[in-house]
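The numbering of the sequence shown is our numbering, which starts it at 3 and goes up by one.
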Amino acid sequence: MRIECERLHGDLVDRAQHYEEAERAAGIYAATHPVPEMPVLHDGERVCLGCADPISPARVKACPMAVRCRECQARHERKTKFT
Ligand SMILES: [Zn+2]
């Protein structure tokens, strides 16, 4: 019976360790792979994630993955820059 208990305990420790490692790996992944921001559409028009103003078609054409207007993008880049 005692052996049985020790085995169960060992299993739990293994599982806890496994979860801990998985969680750490997920954390590292999330930190190094930011979720890509998806362009927002409103009535078929691209809308800025920052100020909700429509993004000009010229800007969308020049930068198809743009999710912000020029001003908001500049502000966003200043904010996220770590240097
Ligand atoms: Zn904006």
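Just so you know, even glycine gets a beta-carbon here, dropped at the ideal spot from N, CA and C.
If you're wondering where the values come from, they're calculated on a predicted model, not measured in any experiment.
What first and last residue would you give for the beta strand (DSSP E) that runs through residue i?
i	result
HIS44	42-44
Grouping DSSP H, G and I as helix and E and B as strand, with all else coil, what is residue i?
i	result
GLU79	helix
GLU23	helix
PRO66	coil
VAL37	coil
Have a look at residue i and residue j and give me their C-alpha separation to the nearest angstrom.
i	j	result
SER58	GLU47	9 Å
ALA33	TYR21	18 Å
GLN75	VAL37	16 Å
Tell me, to the nearest whole angstrom, how far the beta carbon of residue i is from that of residue j; I am working on the premise that it is less than 8 Å.
i	j	result
VAL62	ALA54	About 15 Å separates the two Cβ atoms, so there is no contact after all.
For ligand 1, which residues have a Cβ under 7 Å from at least one heavy atom, in chain order? CYS50, GLY52, CYS53, ASP55, ARG70, CYS71, GLU73 and CYS74
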